[in-house]
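Chemist: According to this note's numbering, the sequence shown is numbered sequentially starting from 243.
Have a look at this one.
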Amino acid sequence: MVQSINTKVDLVVDATSHIGIAEYGKIMIGDKGFEFFNDRDVRKFIQIPWEEVDYVIASVMFKGKWIPRYAIQTKRNGTFSFSSKDPKKVLRAIREYVDPNHMVQSLSFFDVIKRGLKRKSKKK
């Protein structure tokens with residue numbers, strides 16, 4: 243069994259990690275960092291200390307009614323994408339430890355298209 247980096251746990255919730263093939267497990271948010279533990283394989287886990295978190299990116303749909311997934315962008319190791327049963331509760335728990343200015347909303351589908359069209363017109 244892997245040792246947790248947290249000394250105090252604020253929230254434990256069922257979740258899915260979207261890194262490669264989707265893996266099911268539990269997200270644990272505590273005083274030292276964000277952790278994901280796989281349900282089936284004990285060796286597959288993700289531990290991200292709060293000092294390493296650069297941005298938390300949430301995919302928001304229907305004016306905040308539905309958040310299908312969110313990602314944690316680290317300073318050195320890239321971006322980790324997750325979804326969970328109650329994403330609003332997870333993001334509120336993360337907000338206790340991460341600066342709210344570093345919690346951003348991802349671009350919508352139409353924003354990506356609009357940005358691409360603007361870029362294409364600037365090249366001409």
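All C-beta atoms, glycine included, are put in the ideal place defined by N, C-alpha and C.
None of the values given here were measured: they were computed from a predicted structure.
Within a Cβ cutoff of 6 angstroms, which residues of the same chain sit near ALA313, ignoring the five residues on either side of it in sequence?
Modeler: Hits under 6 angstroms: ILE299, THR321 and SER323.
Chemist: Can you tell me which of THR316, TRP308 and PHE287 puts its alpha carbon nearest to the alpha carbon of VAL295?
Modeler: Measuring from the Cα of VAL295, the nearest candidate turns out to be THR316.
Chemist: Just to confirm, is the Cβ distance from LYS286 to ASN280 under 8 angstroms?
Modeler: Yes.
Chemist: One question on the structure: do ALA335 and ILE247 come within less than 8 angstroms of each other, judged by their Cβ atoms?
Modeler: Cβ distance not < 8 angstroms, so ALA335 and ILE247 don't count as in contact.
Chemist: For THR258, which option in ILE288, PHE351 and VAL251 has the closest C-alpha, if you only look at C-alpha atoms?
Modeler: Measuring from the Cα of THR258, the nearest candidate turns out to be ILE288.
Chemist: By alpha-carbon positions, which one of PHE351, ASP256, PHE276 and ASP252 ends up nearest to PHE304?
Modeler: Ranking PHE351, ASP256, PHE276 and ASP252 by Cα distance to PHE304 puts PHE351 first.
Chemist: Could you compute how far the alpha carbon of GLY267 sits from the alpha carbon of VAL354?
Modeler: In a straight line, the C-alpha of GLY267 is about 31 angstroms away from that of VAL354.
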